[in-house]
Amino acid sequence: HLKSGDLAKDKNLLLTTILADAINLGLTKMAESCPGTTYAKLAWLQAWHVRDETYSTALAELVNAQFRHPFAEHWGDGTTSSSDGQNFRTGSKAESTGHINPKYGSSPGRTFYTHISDQYAPFHTKVVNVGVRDSTYVLDGLLYHESDLRIEEHYTDTAGFTDHVFALMHLLGFRFAPRIRDLGDTKLYIPKGEAAYDALKPMIGGTLNIKHVRAHWDEILRLATSIKQGTVTASLMLRKLGSYPRQNGLAVALRELGRIERTLFILDWLQSVELRRRVHAGLNKGEARNALARAVFFNRLGEIRDRSFEQQRYRASGLNLVTAAIVLWNTVYLERASNALRGHGQTVDDALLQYLSPLGWEHINLTGDYLWRSSAKIGAGKFRPLRSLQPA
């Protein structure tokens with residue numbers, strides 16, 4: 001509760017409110033689809049119990065539960081992650097709040113920028129303008145999520161990197177591994193000196209100004225410390241750095257540091273098949289999660305029609321919370337299904353379990369009336385029965 005801090009007394013009403021955000025139905029239509037519920041009840045509960053911080057806390061609980069589940073270890077150890085932006089068109093009253101990005105067509109929209117762990121759990125999401133480069137928000141999800149994940153390596157596509165991001169990632173203790181499009185056109189930077197790099201000559205774009213980095217090193221450290229401690233957000237500083245004049249000392253020094261890190265990364269990328277495989281696998285998990293999110297967010301033609309930015313954030317947070325719940329549910333029942341197969345004498349190779357995914361939704365009925373049946377409650381530590389095995 002916003003004032004008292006008490007938990008919501010009617011859990012079913014709370015779940016209904018969250019679901020209204022997640023499936024993009026809205027409180028009015030949800031009240032019509034949920035017998036025994038009224039718009040007034042849903043609106044009251046949302047006003048007093050649903051906020052950005054309560055959504056974040058709830059998301060962390062689900063992510064942590066999946067992170068601790070033994071079956072999730074088949075997909076990763078929770079130390080790598082990826083992030084990607086997903087565009088949703090804005091329509092009706094919200095059309096004027098959206099922005100146009102030719103990448104997504106001529107319709108205005110918003111981007112839900114989401115971070116997902118190597119275990120498929122979506123641990124952070126943020127609503128951003130489609131015209132803003134993804135790289136601005138990469139660090140926010142890594143620094144400000146509330147889960148127990150300890151991310152060490154992070155993947156993005158081309159839109160997720162700049163030299164400033166490379167520099168701050170290094171300073172804040174993350175290994176940054178973007179999948180860079182048109183890699184042959186990306187230049188390397190080398191120290192000044194007499195060393196020759198004949199094999200790399202076509203890719204060398206210039207020399208590094210190490211003296212400038214040294215001259216502004218204290219400023220760089222103060223910036224990184226301020227971001228780490230939360231004095232300023234990473235996205236705010238990246239926007240400012242990108243808008244500074246080219247001659248700004250701190251921006252130039254950070255760019256030079258980023259060029260060092262980007263050059264080292266590209267050399268690793270060219271040599272390491274394993275690195276390229278990890279990055280591709282991580283980004284594919286994010287794309288698969290986007291497909292699940294698109295399926296869940298199906299009402300109103302999948303368009304955002306809420307005019308206020310607050311309500312748009314609630315849509316994104318509700319969607320992310322429900323997709324995290326689906327991931328946790330599927331993780332639990334995939335383990336039970338594999339154990340059941342073994343119990344019936346069938347061979348289940350552990351090496352193949354890494355290729356399963358907890359992102360399926362074919363078994364979930366997303367449409368119809370939404371009923372919370374007290375008689376259908378499952379006791380603590382109990383599960384729904386699995387489907388019967390069909391004879392071969």
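Taking full-length UniProt numbering, the leading residue of the sequence shown gets 1, the next gets one more, and so forth.
Note that beta-carbon positions come from the ideal geometry of N, C-alpha and C, so glycine has one too.
All values reported here derive from a predicted model rather than from experimental measurement.
Local Cβ density within 10 Å of residue i, reported as buried at 16 or more and exposed below that
| i | result |
| --- | --- |
| N299 | buried |
| A196 | exposed |
| P385 | exposed |
| K285 | buried |
| S272 | exposed |
| V348 | exposed |
| H145 | buried |
| L270 | exposed |
| W217 | exposed |
| H170 | buried |
| K3 | exposed |
| Q247 | exposed |
| K11 | exposed |
| L7 | exposed |
| S243 | exposed |
| R68 | exposed |
| D21 | buried |
Residue i Cβ short of 6 Å to the ligand GTP heavy atom set
| i | result |
| --- | --- |
| S33 | Ligands in the displayed structure: none, and consequently the ligand GTP is not present. |
Where the beta strand (DSSP E) containing residue i begins and where it ends
| i | result |
| --- | --- |
| I204 | 204-207 |
| I364 | Note, I364: premise wrong, no beta strand (DSSP E); not H, not E. |
| D84 | 80-89 |
| Y189 | 188-190 |
| R175 | 175-178 |
Rounded straight-line distance, which links the Cα of residue j to that of residue i
| i | j | result |
| --- | --- | --- |
| H115 | K192 | 38 Å |
| E362 | L292 | 10 Å |
| W44 | R307 | 19 Å |
| S56 | A199 | 49 Å |
| D148 | D77 | 12 Å |
| G360 | R289 | 9 Å |
| Y113 | L283 | 13 Å |
| T16 | R294 | 19 Å |
| G302 | G206 | 47 Å |
| A337 | Y155 | 31 Å |
| A58 | L352 | 32 Å |
| T186 | E256 | 15 Å |
| G26 | K201 | 58 Å |
| N320 | K211 | 45 Å |
| S317 | N209 | 43 Å |
| G5 | T54 | 11 Å |
| residue 419 | T38 | Lying before the first or after the last residue shown, residue 419 is absent from the chain, which here runs from 1 to 392. |
| Q312 | A215 | 44 Å |
| H344 | S388 | 11 Å |
| N365 | R239 | 42 Å |
| I220 | G173 | 14 Å |
| N339 | Q346 | 10 Å |
| E335 | T80 | 22 Å |
| A251 | D163 | 10 Å |
| C34 | V279 | 43 Å |
Opening and closing residue of the alpha helix (DSSP H) in which residue i lies
| i | result |
| --- | --- |
| L319 | 309-343 |
| A351 | First-last for A351: undefined, no H or E at that position. |
| A199 | Looking at the DSSP string, A199 is not in any alpha helix (DSSP H), and its letter there is neither H nor E. |
| S107 | Counting along the chain, S107 falls outside any alpha helix (DSSP H), and DSSP gives it neither H nor E. |
| T225 | 217-229 |
| A234 | 234-243 |
Proximity winner among the options, relative to residue i (alpha-carbon distances)
| i | options | result |
| --- | --- | --- |
| I151 | V130, D118, D157, K126 | D118 |
| S226 | R255, S272, L168 | L168 |
| L139 | D84, P358, D185, R89 | D84 |
| V132 | A121, F161, D148, E146 | F161 |
| Y370 | A8, G5, K9, I18 | I18 |
| K382 | Y333, I364, E287, I180 | Y333 |
| I190 | I260, T136, Y244, P108 | I260 |
| A65 | H344, T367, I326, L366 | I326 |
| A281 | V128, A177, V232, V50 | A177 |
| residue 454 | M203, V127, K126 | Lying outside 1 to 392, the shown extent of the chain, residue 454 is not represented and no answer is given. |
| D182 | E53, V127, A159 | A159 |
| D350 | Q247, G368, K126, A72 | A72 |
| W372 | Q346, G36, E32 | G36 |
| W329 | S135, T80, P358 | P358 |
| residue 426 | S235, V130, G368 | Because residue 426 is not part of the residues shown, which for the chain are 1 to 392, the question remains open. |
| Y120 | A22, K126, S82, A40 | S82 |
| K9 | F297, D157, L42, S33 | L42 |
| F309 | A60, V128, N87, I23 | V128 |
| Q86 | W48, L275, K126 | K126 |
| R277 | R179, L223, R315, P122 | R179 |
| L275 | G91, L143, E153 | E153 |
| S135 | S107, F166, R110, G109 | F166 |
In chain order, what are the residue ranges of uninterrupted beta strand (DSSP E) at least 3 long that sit wholly in the stretch 117-168?
The qualifying runs are 122-129, 153-156.
Could you tell me which uninterrupted alpha helix (DSSP H) segments, each at least 4 residues in length, are contained entirely in the stretch 252-317, listed from first to last along the chain?
For the alpha helix (DSSP H) assignment, the uninterrupted runs of no fewer than 4 residues enclosed by the stretch 252-317 are, from N- to C-terminal side, 273-296.
Ordered list of alpha helix (DSSP H) runs contained in the stretch 6-56, each at least 4 residues:
Unbroken alpha helix (DSSP H) stretches of 4 residues or longer found wholly inside the stretch 6-56: 11-22, 27-33, 39-49, given in chain order.
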